[in-house]
Amino acid sequence: MKIQSLAGNWNFRQTGTQEWLPANVPGGVHTDLLALGLIPDPFVGDNEKRVQWVAENDWEYFRSFQVNPEIFDQPQVWLVCDGLDTLATIYLNGVELGHAENMFRQYRWDVKPLLKTNNNELRINFDSPVRFCTDHQSVRPMPGVSQAIPGGPYLRKAPCQFGWDWGPQLPPMGIWKDIRLEGYENARIEEVALRQDHDDGRVTVSARVILHNPENTPCSAALTLIAPDDQVFETSTPVIPGVGNILKVEVPNPQLWWPNGYGAQPLYRVKVELRQADLLLDERQYRLGLRTIELRQKPDEWGISFTFVVNGVPIFAKGSNWIPADSFPTRITDAHLEGLIRSAAETHQNMLRVWGGGFYEDERFYDLCDRYGILVWQEFIFSCSMYPLDDPAFLENVHNEVIDNVRRLRHRACLALWCGNNEMEWGWVDWGWNGSEYQAMKTAYDQFFHHTLPAWCAREDPDHSYWPSSPSSNTPFENPNGQQQGDAHYWDVWHGRKPFTAYRDQYPRFMSEFGFQALPPLATIRTYAEEADWNMTSYVMEMHQKNSSGNSLIVGQMLDSFRFPKDFESLVYLSMVLQAEGIRYGVEHWRRYPNRVSGTLYWQLNDCWPVASWSSLDYFDRWKALHYAARRFYAPVLLSIEDKPTEQDIHVTNDLREPWEGSVRWSLETLGGRVLQANEESVSVAPLDVSHICALDFSDSLDDDLCRDVVFIAELWQGGKWISRQTAYFAPAKHLNLTEPAISSQLRVEQGQIHIKLTSQSLARLVECALDGADVTFSDNYFDLPAGRSVEIAASIPTGWTIAQVQAALKIRSIYDSYAHGAAKS
Amino acid sequence: MLGFPPDARLLIINADDFGMCHSINEAIIGTLSGPLVRSTSLMVVCPWALHAMRFLKGHPEIPFGIHLTVISDPRDYRWGPITCREKVPTLVDPSGYFYDFDSMPVLLAQAKPDELELEFRAQIETVLSAGLKPTHLDWHALRFGDRRDILDLMIRLAMEYGLALRAIGRDVIVKLQNQGYPTIDYDFLDSYSLDPGSKSTLYVSLLHELPVGLNEWAVHPGLDNAELLVLEPANHHERQTDFDFWTSQKAKEVIKEEGIILLDYRPLQAVWRDMNPSEKLM
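Protein chains in written order, with my numbering: chain U, 390 to 1215; chain V, 75 to 356.
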C-alpha cells in the first residue's frame, strides 16, 4: 500500500460567500475561524452565544493536489476519510463521490477513474448540523437532553457537542480526522481479527485476515509477533477469499498484561503482512497485551455479581468517567491526552468509562490505555435520549459505525466491555418517556439494544462482554438502577441534594457514575472570567455552569460542611475540597465491601472546556482537590475510617494480589496535639480483601463541647515506615474550634524536585499548597495536617526557578484561612 | 434475526453447480443424502440440468437455489443463454455461448443490464415453470468488479420473486440486514479458494474457527471419473476433495464438537418472501 496525505493546508469558506480562506486539516470551521481572528474565543466569557451562527450555516472545504506518481500508477487508488464531521458531500474533479452522515465512520471511495496527475480538485461541502437536527426534531420531536440543541440524536455526531450539563453548545464541523489517498495493487487487507487463546500458561495468538481482492489475486499473509524481549514468533499462509484464513503463533511463556496496580503492561508488537510472491501488498501493525478478561456475573448472597476478572484475578475497578477532552477535538494534542491518562494512572485508576455521549476515541487514547494499564468500559455513542432506531437508513448507518469501531478496537488489551448506551434504559423506566406516542420507539429500543446490537458485537468480537445500557440490571426495563445486579448510577447526593452520608446507604454491585461538582482552580477561572465577574452567581460564572442551579447546589452543600467563605478565592478552594471530601466518603465506603461492590467510577475525570463541573482534572489538566484525593482513596492498600460519631471503625482494604501485613497506630488528640488516647493494632489482610481492624467507641471520653476540639487520627505503618494517614472528626468542619495553624515550610531541592516539608502548630484541615505563577502538580495536596506532625510533598521545580523563588511563591492555605475571623474582618 | 442466540455459529453448506454434468450431479446427490450439505444451487442452463431438476422434483424436501449463470467455463463443454441469442447479444461470445472465465472482463465491459435481466428472469422462470420451489438466488463464477448493478439486479429479482439471496460485500450485507432482510453475515467461502492438497485440514481448522453469526460455504462436490477428468483436466481434484470431506466422519465430528448449527436458505427465504416489496428502499 502507498499513502499520500491530503491533510495540511486547505481553503474554506461559508457557503454563499466568494472568498476562500486558509484552513488546516484535520480541523474544523470554529478553529479555522479562530485562527484567523474571525470569531472570539468561544471558551471566554459568554462568547459561546456569539458564535452560534457558525454551526447554523453551511461551509465548504477545498484543496487542489497533484498525485504522487507511485500512487497514480497503482491499479487501485482510494480516497480515504477517517472522519468527516458530519453532513458532508464529497466532490473530486467536479464529480460527486458520495455523501457522508456519520462522524464515527471511515469513508472510502475508489477514485482511480477520476484522478489526474495534476490539478485535482477536492471539495467537501458540510451542511449545518444544527439545521439538520432542528428540522428533524420539528417533524418528529423526541425527548432529549435539556441543555442541548434539540434533535441531536437524529445525527450520528457526538451528542455532547450539541451541549450537555457540563459542555457548551458548540457543534464542530469539518474534516476532523486524517484524509489521504491509498494506492494498492489488486489486493489489500480489508480486515484483521486478532484473538488470543490462553490455555494452561500458553497463549495462541491468531489473526483472521480478510482481503479486498476482487480479482482473486493469489496472495499469502504473514503474522509476526515480537515479544517485549524481542523474541520473534512468525507464520505465513496463502489467504482464502471470503472468510479469510487464520494464522496462528503460539507463545509458550507469555508475559501477561495487567491493569494498573495489578502488574506490568508488556505489549507485543504484531505485524500482519499481505504479499503477492515477494511483493508486499499491504500491512497492519498492532500492539497486543496478552490477557484474559471476563465480566463475571455469578449469583451470590446479594444478587448477581458484576466483577471484571483479568487473568483469573477479580479486579476492583477504580476509575472515572471519560468525556471528550476538548469541544474542538482536533486540537487535542498528544501531550494533553497523555497528561490526562497519566494523571489517571498516577492516581491508581485502572478503568475509564468512555461515556456514550462523547465519541469513540482515536488510536492514541487506546494506545495510552494499553500502556498505562487502564481498562476501558467502551460505550456505543447513544446517550440520555430517544434515537430513531426504527428507521432502516439510520440503522444501516449505525451498523456500519459499529462494524468500523468494533473491528478497530476489539484487539485492545485495555478493552473491557462493550456497553450499548448511557442512561437510556433508565430513561424509559424513570424519565417519563413511557407515553403511548413513544411505544414504537420503545419497541425499537428493545430490539436494538437487547437483540440487534449484541448480535453485531458477538459477531465482530466474541471475546468481550456486551452490556445493554449503563445503568442496567440486564433485565430489560426492570429496575435498571438496582443494587442486586448490574451497574448503578447514583445521583441523589448531587441532584437530589442528599448529604454525602447517603453514599453509605448504597451497596451497588458496580458504581459506574456518581459525582459532585466543584469550580476549577482560580487560574482556570481567570481564563474565562474577569475579576469583576468573580462571584458564584455572576452572569459569566453561570455561563460556565451548565447544570441548572449547579452553583446553588455547590454552595448549599458547602455550607453544610464549612463556614461561609470570606472571599471568592476561598469559595473556589472550598468548592474543590468539598467535592474531594464527598467522593472520598463514597469510595472509601464502597471499598470496604469489595466482595459486594466491584468498582467505582466517579463522574468525571476531565473537562472539554473551562467550566464548573464534576471533573477531577480541569480543561487545562490542572488537578483539582478531588484528583489528589483519588490518589489516596484509590491507593492499592487503603486505610479508611468509618466515622459514626462517637464511634470510629478502622478498616484496611487490600487490592494487592498478595497478603498485606503491618499495623495501624491510632490516637484521639486535641486539635492542638495533646494525646487523649492512643494504641497500635496489628493488621493482616488477605489478598483482594478487606479487614475490619477495630471499632472504637469514644462516647465515654467526649462531651458536646469537647467533640469540637478533638480529632481521631489513624496511621498505617509497615516495617517502621509510615504509609498513610486518615483523620476523622466528631463535628462538622464548620463547627471545629480550629486555631491558626501557623504552618511552617522547609524547602530543599533534590534531582530537579522541590521537596517541601510542612509542619503545623495545630491541626490544619485540607491544606492546599500552590506556587503563585506556576502550574505544578504536587505529590500530595489538600490533606489534613495534625499538630506537631510533618508532611513532605514534592513537585518538579518550574523551569528556571530558584529555591528562593519557590519559597517566595509558595502559598499555603487551609480551612482556617477560608473564613473571616471576627466581625471586623468580614 | 432468525431467532438464534447472538453468539450462535450458523453455517449453510451449499453444493454449487448442480446440473453442470453427470459426475457433479452424482456427487451432489451423494452429499445431500448425508447430514452436512443441506442445500444446493441449480445451474439451469447446463446440459445436465434436467437430471438435477428431476431429482429435485422427486425430493421437494431438499432446499435449493438458482445458480444464475452467464459464464461457461470448460473449454469444449459449453452452455449459453436460455433466451434466444438475438435478444442477449452482449452476453454471448462469437460462438454463441456464454463467455468463458478468462473472458469475464469482456463480458463485464459489454453486458447490458436489460439483457442480463432478461436472461436471469428466463432462468428463474424455467425453474418455477417446472413446478420447483427454489429458496434463494446465487451465481456462478461471476466476479462483479465495478458492475455493482449486476448484484443490484439480483437483489431486485430476489425481492420480487420472494427468494433469499447469497449476499456479498459488507455494504450490501449491512444494507439488506438493516432493511430486515436476513443474509449471511460474511462473504461466503468458495471451496475453490482452498488448496486441494490440504483442503481437509483447512476445512477442519476453519470449522474450529467459524465466526459467530451466519456463514455460508459454497462447496463443489464432484467425482473424479472419466467425465470430470476431461471437463476439468487441470483442477478436477477440487471437486473430489469436496465430496470426500463433506461425506466424511471427521466433518460430522468437528461440526458436532464445535456446536455449529447447520442451516439452509429456507428460514431466510421465509422472511424475504413476507417482506412487502413496495416498502423496499434499495
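Ideal placement from N, C-alpha and C gives every residue a C-beta, glycine not left out.
As the structure is a computational prediction, the values presented were derived from the model and not from experiment.
Inter-residue spacing [alpha-carbon to alpha-carbon] between residue i and residue j
i: LEU669 (chain U); j: ASN789 (chain U); result: 29 Å
i: ASP1206 (chain U); j: LEU1152 (chain U); result: 13 Å
i: TYR834 (chain U); j: PHE783 (chain U); result: 13 Å
i: LEU990 (chain U); j: LEU1155 (chain U); result: 23 Å
i: LEU942 (chain U); j: GLY572 (chain U); result: 57 Å
i: THR1166 (chain U); j: SER1185 (chain U); result: 8 Å
i: ILE224 (chain V); j: LEU190 (chain V); result: 8 Å
i: ALA576 (chain U); j: THR626 (chain U); result: 15 Å
i: THR890 (chain U); j: PRO431 (chain U); result: 39 Å
i: ARG128 (chain V); j: ASN99 (chain V); result: 11 Å
i: GLN767 (chain U); j: CYS846 (chain U); result: 12 Å
i: ASP850 (chain U); j: GLN1150 (chain U); result: 60 Å
i: THR394 (chain V); j: ARG452 (chain U); result: Any answer about residue 394 (chain V) is impossible in this case: the structure gives chain V only from 75 up to 356.
i: ALA1024 (chain U); j: SER1073 (chain U); result: 17 Å
i: LEU842 (chain U); j: GLY417 (chain U); result: 31 Å
i: ASN1126 (chain U); j: GLY945 (chain U); result: 22 Å
i: HIS1210 (chain U); j: VAL1100 (chain U); result: 21 Å
i: ASN88 (chain V); j: GLU331 (chain V); result: 21 Å
i: TRP998 (chain U); j: ALA444 (chain U); result: 18 Å
i: LEU645 (chain U); j: LEU276 (chain V); result: 30 Å
i: PRO1175 (chain U); j: ARG898 (chain U); result: 36 Å
i: ASN823 (chain U); j: LEU636 (chain U); result: 50 Å
i: LYS354 (chain V); j: PRO869 (chain U); result: Confidence in LYS354 (chain V) is poor, its pLDDT being 41 and thus under 50, which makes the residue's placement unreliable; the coordinate value appears in the next sentence. Going by the C-alpha atoms only, they are around 36 Å apart.
i: GLN1115 (chain U); j: GLU1104 (chain U); result: 6 Å
i: ALA215 (chain V); j: PHE175 (chain V); result: 7 Å
Beta-carbon proximity list for residue i, same chain, < 6 Å, skipping 5 on both sides
i: GLN495 (chain U); result: ASP471, ASP793
i: VAL433 (chain U); result: TYR917
i: LEU337 (chain V); result: LEU84, ILE86
i: TRP1003 (chain U); result: GLY904, GLN906, TRP992, GLN993
i: ASN514 (chain U); result: GLU449, THR478
Residue i: first and last residue of the uninterrupted beta strand (DSSP E) it sits in
i: TYR1118 (chain U); result: 1110-1118
i: ASP1173 (chain U); result: 1172-1174
i: HIS419 (chain U); result: Taken as a continuous stretch (DSSP letters only), HIS419 (chain U) belongs to no beta strand (DSSP E), being part of the alpha helix (DSSP H) at 418-424.
i: GLU849 (chain U); result: Note, GLU849 (chain U): premise wrong, no beta strand (DSSP E); alpha helix (DSSP H) at 842-849.
i: TRP565 (chain U); result: Here TRP565 (chain U) belongs to no beta strand (DSSP E), and DSSP marks it neither H nor E.
i: CYS1233 (chain U); result: Residue 1233 (chain U) lies beyond the residue range present for chain U, which begins at 390 and ends at 1215; the question has no answer from this structure.
i: PRO703 (chain U); result: 702-704
i: ASN88 (chain V); result: 83-92
Where the alpha helix (DSSP H) containing residue i begins and where it ends
i: PHE551 (chain U); result: Element bounds for PHE551 (chain U): n/a, residue is neither H nor E.
i: GLN194 (chain V); result: Correcting the residue identity first, residue 194 (chain V) is Phe in this sequence and not Gln. Per DSSP, PHE194 (chain V) belongs to the alpha helix (DSSP H) from 187-203.
i: THR275 (chain V); result: 273-282
Own chain partners of residue i with C-beta closer than 7 Å, once the 5 adjacent residues on each side are dropped
i: ARG439 (chain U); result: PRO429
i: PHE838 (chain U); result: GLY809, ASN810, PRO857, SER858
i: ILE160 (chain V); result: According to the sequence displayed, residue 160 (chain V) carries Glu and not Ile. Taken in chain order, the list of residues that qualify is empty.
i: LEU960 (chain U); result: MET925, PRO954
Cβ-Cβ separation, residue j to residue i (assumed contact under 8 Å), whole Å
i: ASN710 (chain U); j: GLY650 (chain U); result: The Cβ separation is near 19 Å, so there is no contact.
i: MET531 (chain U); j: SER862 (chain U); result: So it is not a contact: roughly 25 Å between Cβ atoms.
i: GLU1069 (chain U); j: VAL1079 (chain U); result: 20 Å between Cβ atoms; not a contact.
i: ALA802 (chain U); j: LEU677 (chain U); result: 7 Å
i: ASP212 (chain V); j: HIS141 (chain V); result: 6 Å
i: THR696 (chain U); j: ARG680 (chain U); result: Not a contact, Cβ separation roughly 15 Å.
i: THR143 (chain V); j: MET117 (chain V); result: 5 Å
i: LEU967 (chain U); j: SER987 (chain U); result: About 27 Å; that fails the 8 Å criterion.
The ligand PLP heavy atom lying under 8 Å from the CB of residue i
i: LEU757 (chain U); result: Of ligands this structure carries none, so the ligand PLP is not represented either.
Buried/exposed call for residue i, threshold 16 Cβ in 10 Å
i: ARG222 (chain V); result: exposed
i: TYR928 (chain U); result: exposed
i: GLY762 (chain U); result: buried
i: GLU750 (chain U); result: buried
i: ARG1063 (chain U); result: exposed
Sequence-distant residues of its chain with Cβ nearer than 8 Å to residue i (five each side left out)
i: LEU227 (chain V); result: PRO187, LEU190, GLU191, PHE194
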